[in-house]
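Just below is one structure, and these are the notes that go with it.
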Amino acid sequence: MKILLNNRKEEFGQETISVNEMLFLKKFSFKMRIIKINGVLISKEKYDFTTIHDGDDVQMLYLMSGG
Amino acid sequence: MKFSEIKTHLGKFRVGIAGAGGLGSNCAVALARSGVGTLVLSDFDVIEEPNLNRQYFFTDQVGMMKTIALKDNIARINPDVFVIIHQKRLDNINIPEIFSGCNVIVDAFDTSDMKEMLIETVQLKMPGTPLIVGSGMAGWGKSETIRCRKIDDTLYVCGDESSEVSDNLPPMAPRVSIVANMQANVVIEILMKMK
Chain A
96 MKILLNNRKE
106 EFGQETISVN
116 EMLFLKKFSF
126 KMRIIKINGV
136 LISKEKYDFT
146 TIHDGDDVQM
156 LYLMSGG
Chain B
25 MKFSEIKTHL
35 GKFRVGIAGA
45 GGLGSNCAVA
55 LARSGVGTLV
65 LSDFDVIEEP
75 NLNRQYFFTD
85 QVGMMKTIAL
95 KDNIARINPD
105 VFVIIHQKRL
115 DNINIPEIFS
125 GCNVIVDAFD
135 TSDMKEMLIE
145 TVQLKMPGTP
155 LIVGSGMAGW
165 GKSETIRCRK
175 IDDTLYVCGD
185 ESSEVSDNLP
195 PMAPRVSIVA
205 NMQANVVIEI
215 LMKMK
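If you read the protein sequences in the order shown, they are chains A and B. If you want the working numbering, it's the 1-based position in the first sequence plus 95. If you want the working numbering, it's the 1-based position in the second sequence plus 24.
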């Protein structure tokens, strides 16, 4: 499947993957982040159950302490 | 458009600022100078001497509540701004109440946990309200890494999204103020498009 990840095209071998699988495959280890799929915010506890499908628009932002 | 017209337009709106530290104080001052009608400020902290390396306060205000001192400072800059202050620790219950009626909300928290809580609360409980997040501004230099990114109509992020504050990478006036003013700039851009 092909998705948009922060406006860049990404390809995965699977038909669908969970959010956590995507983070693992992309080796994204930093914990403090916000993820939106097709404009909908996905809370952290749903990362295992929420699936990403072909054509999805995934937006991710990193949260750093400081202000 | 003349500044007098811009100011009249911005005067119609209300902006919420969650936190009155480095990001919040500098962002609030920029919005006040620009003529935003109402600012809702929330913070539970008092000013300490080390805050003065970046926050919009003065030595004789050390020990004061940040919200009260910031309200005073704004009144000295632009007395036409209506400033509402809350001395509360914000949580997912009181955020929708405190910032109800705000046209835009600014994240000015200093910890990533609080930023996460604010984003989840505003996105889930105040749908449609634009939130401007500040993330990544520690240290000095590297101005070119600081940017503003629109996720969608309700979520923007200003900062480098990578530098985290630590003992050896403290928050300092230039980079914190750049991000705070970038957030204010996004707020104005959004408000100028609103009727």
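Note that beta-carbon positions come from the ideal geometry of N, C-alpha and C, so glycine has one too.
Bounds of the beta strand (DSSP E) holding I129(B) are V128 to D131. Interface criterion not met: the Cβ of M206(B) is under 9 Å from no Cβ in chain A. In terms of beta-carbon proximity, Y157(A) lines the interface with chain B, with at least one pair separated by less than 9 Å. Each residue's CA atom was taken as its position, placing G183(B) and V128(B) some 18 Å apart. Of C51(B), L65(B), P74(B) and V60(B), the smallest CA-CA separation from F27(B) is found for V60(B).
Membership of H33(B) in the alpha helix (DSSP H) is indicated by the continuous run F27 to L34. In its chain, beyond the 5 residues on either side, V70 and Q111 have a beta carbon closer than 7 Å to the beta carbon of M89(B). When 8 Å is used as the limit between beta carbons, D134(B) is near these residues of chain A: S160, G161 and G162, in chain order. Pairwise C-beta distances place the segment 138–149 of chain A out of contact with the segment 156–174 of chain B, as fewer than three of them are shorter than 8 Å. Boundaries for T83(B): no alpha helix (DSSP H) harbours it, and the DSSP string shows neither H nor E there. Taking a Cβ-Cβ cut-off of 7 Å, the neighbours of Q147(B) in chain A comprise L136, given in sequence order. Residue range L155 to G158 is occupied by the beta strand (DSSP E) that includes G158(B).
With the criterion set as a beta carbon lying under 8 Å from some beta carbon of chain B, the members of the segment 104–134 of chain A are M127, I129, K131 and G134, in sequence order.
When DSSP states are grouped into helix, strand and coil, R173(B) belongs to the strand group. Spanning the alpha carbons of M141(B) and A44(B) requires a straight line of approximately 17 Å. Any Cβ of chain A closer than 9 Å to the Cβ of E72(B) would place that residue at the interface, and such an atom is absent. When 8 Å is used as the limit between beta carbons, S187(B) is near these residues of chain A: M159 and G161, in chain order. Contact annotation: D176(B) and Q154(A) have beta-carbon atoms nearer than 9 Å.
Counting along the chain, no alpha helix (DSSP H) covers D184(B), and no H or E run does either. In the DSSP assignment, H148(A) is bridged to no other residue. Residues of the segment 147–164 of chain B with a Cβ closer than 8 Å to any Cβ of chain A, in chain order: Q147, L148, V157, G158, S159, G160, M161 and A162. L148(B) and P154(B) have their alpha carbons spaced roughly 12 Å apart. Using a Cβ-Cβ cut-off of 9 Å, P103(B) is close to nothing in chain A; its nearest Cβ partner there is about 27 Å away. Annotation: N133(A) to K121(A) spans about 19 Å, alpha carbon to alpha carbon. Within 10 angstroms of the beta-carbon of K131(A) lie 16 or more other beta-carbons, which makes it buried. Across the structure, L99(A) and F81(B) are spaced so that their CA atoms are roughly 43 Å apart.
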